[in-house]
Amino acid sequence: MAHLEHSATTLQNPVTTPQQIQTLQVFNGGKPCGWLGQTATGFWFHYASNNPKQHWVSLLMPPRINFYQQAELFPVFSQHLGAPAGSEADALSQLHQLNGQQLGSLSFANPDNPVVTPPLRTPPRLAAGQRALIANPNTPLVRRPFADTLVHHSSTWPWVQTLQQLKKQGDPNNRLQALRWALQAQHNGEWVQHPRPDLAPYQQHLYGFEAVHAVLKQNPQQFQTLAENSNRFAQVLHEVARTYCKNFSAEIELLQKLLPFISRGQLQASLVYQQQAARTSRPIVLGLEYLPLK
3 MAHLEHSATT
13 LQNPVTTPQQ
23 IQTLQVFNGG
33 KPCGWLGQTA
43 TGFWFHYASN
53 NPKQHWVSLL
63 MPPRINFYQQ
73 AELFPVFSQH
83 LGAPAGSEAD
93 ALSQLHQLNG
103 QQLGSLSFAN
113 PDNPVVTPPL
123 RTPPRLAAGQ
133 RALIANPNTP
143 LVRRPFADTL
153 VHHSSTWPWV
163 QTLQQLKKQG
173 DPNNRLQALR
183 WALQAQHNGE
193 WVQHPRPDLA
203 PYQQHLYGFE
213 AVHAVLKQNP
223 QQFQTLAENS
233 NRFAQVLHEV
243 ARTYCKNFSA
253 EIELLQKLLP
263 FISRGQLQAS
273 LVYQQQAART
283 SRPIVLGLEY
293 LPLK
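If you're matching positions, the sequence shown starts at 3 in the working numbering and goes up one per residue.
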């Protein structure tokens, strides 16, 4: 692969100096799917295969185009950072450090040092506002490299209970993908734990996530500016639901109850799509999901 020739790792002191990564290998559902790299002019992503029917890494990056390049980090990757990177130079390093904590089916490895660190089996001590990912030791071996459960500080339990009530009010028959994780959340002493929403409860299909601001081709700052205009914001999100979601009437009813929390930055709205077999032309959008940002 020609683009791998650009990869480099700077490690002046292996003990004290963090790695500066310029190329990451990207995995989709645990299988190698391509490479994400950085140059002086921006970022590139290259699918490992020319097969136009392979699994998509993003709704905005279909594999019928094999190579993508732009100045800013692609939204499907930048949304996993949670907060803006300290600089564009360390974005890939942050993705590598956060590996196992992202949503959806994507994971990352440094091809120059492909060491996989297993997730924590038990959560560390958490301060208010902190969260961590742990792996369920009872899951099948094929799933053990992935974190199955998200844990929050105990102080988040009232917030999760609020989301549970909003879910029951806006989706009483539990027809929607949204907030099912909240219904399964449990309060266990020092922390609140709930399953990752990208895991199907029984068949454990891997889902893809696309933040709504990315679907609108906006950065988080542009999206926040839009959110400050409450009427326009509601219209735009309703139109997203109508365009992509099968049960759009129910999606809009729940969305209406969650709008204040989305506009204040407490929740992130994302489209969820199922990774389909190679014979299908594109992923199937399952609906909207909402996750706490803090």
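Where is the CB? At the ideal position from N, CA and C, for every residue including glycine.
- A residue is called buried when at least 16 other Cβ atoms come within 10 angstroms of its Cβ; residue 151 meets this threshold and is buried.
- When the beta-carbon positions are compared, residue 177 and residue 243 stay at least 8 Å from each other.
- In this structure the stretch 250-267 does not lie against the stretch 19-34, because fewer than three pairs of beta carbons, one per stretch, are closer than 8 Å.
- Close CB contacts of residue 238 within its chain, under the 8 Å cut and outside five residues either way in sequence, are with 218, 228 (chain order).
- In this structure, the straight-line span from the alpha carbon of residue 161 to that of residue 220 is close to 28 Å.
- For residue 188, the beta-bridge partners assigned by DSSP are 195.
- Residues of the same chain with a CB within less than 7 Å of the CB of residue 171, apart from the 5 flanking positions on each side, are 259 in chain order.
- Per DSSP, the beta bridge partners of residue 110 are 28.
- By the CB criterion at 8 Å, residue 212 and residue 97 fall outside the cutoff.
- Taking a cut-off of 8 Å for Cβ pairs, the stretch 38-45 and the stretch 191-203 do not touch, as fewer than three such pairs fall below it.
- Beyond the five residues adjoining it in sequence on each side, residue 69 comes within less than 6 Å, by CB distance, of 48 in the same chain, given in chain order.
- Excluding its 5 nearest sequence neighbours in each direction, residue 184 has C-beta neighbours in its own chain below 8 Å: 162, 165, 166, 169, 196, listed in chain order.
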